[in-house]
Amino acid sequence: MKINKVEIGEHSIHLYVEMPVKPHRCPRCGAEVRKIHDYRIQKIRHLKWFERPTVIFYRKRRYVCQACGKRFAEENPFVERYQRFSKEWNQAVNVRSIHAKTFKDLAFQFGASVSTVIRRFDAVAKKELQGHPELPKVIAIDE
Numbered sequence: 300m301k302i303n304k305v306e307i308g309e310h311s312i313h314l315y316v317e318m319p320v321k322p323h324r325c326p327r328c329g330a331e332v333r334k335i336h337d338y339r340i341q342k343i344r345h346l347k348w349f350e351r352p353t354v355i356f357y358r359k360r361r362y363v364c365q366a367c368g369k370r371f372a373e374e375n376p377f378v379e380r381y382q383r384f385s386k387e388w389n390q391a392v393n394v395r396s397i398h399a400k401t402f403k404d405l406a407f408q409f410g411a412s413v414s415t416v417i418r419r420f421d422a423v424a425k426k427e428l429q430g431h432p433e434l435p436k437v438i439a440i441d442e
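Quick look at the structure:
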């Protein structure tokens, strides 16, 4: 990752980043792709840095496969597809939502809405609850 610019404001920090250019594999046909189609700026909320909200402006590179015409975004280590919060932000909210007193306090601490925090908690709870099998229908009791 390359940091192009850092803006430190009175109330927030803005980081302007991009990934180094490298060949990617087409998700449709598997061909090696080097042709860049365009760039998009993606605004990503990140964890606080020096007690200031941090926003990453990621210059996302989009590639086009010359074999099949598929357009796709480059792989990156800090945000999932279609997300507006960084992986680290999501991980911190997931961990703290388990131990937090209220969702409202956690939402205030991370600068997000209560419904966002609840959705993150529900996702963690769903993963934990899926692993448990059903109880048996018959219980045998011995003296």
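Per the numbering used here, the sequence shown starts with residue 300, numbered consecutively. Cβ coordinates follow ideal geometry from the N, Cα and C atoms, glycine included. The structure displayed is predicted, hence computed values, not measured ones.
In whole angstroms, what is the alpha-carbon distance linking residue 393 and residue 416? 8 Å
Please classify residue 405: does DSSP put it in a helix, a strand, or coil? helix
Buried/exposed call for residue 388, threshold 16 Cβ in 10 Å: buried
Can you give me the Cβ contacts of residue 248 inside the same chain, cut-off strictly under 8 Å, excluding the 5 residues immediately before and after it? The structure shown does not extend to residue 248, since the chain is modelled only from 300 to 442, so the question has no answer here.
Would you say residue 316 and residue 340 are within 8 Å of each other, going by their C-beta atoms? No, the Cβ-Cβ distance between residue 316 and residue 340 is not below 8 Å.
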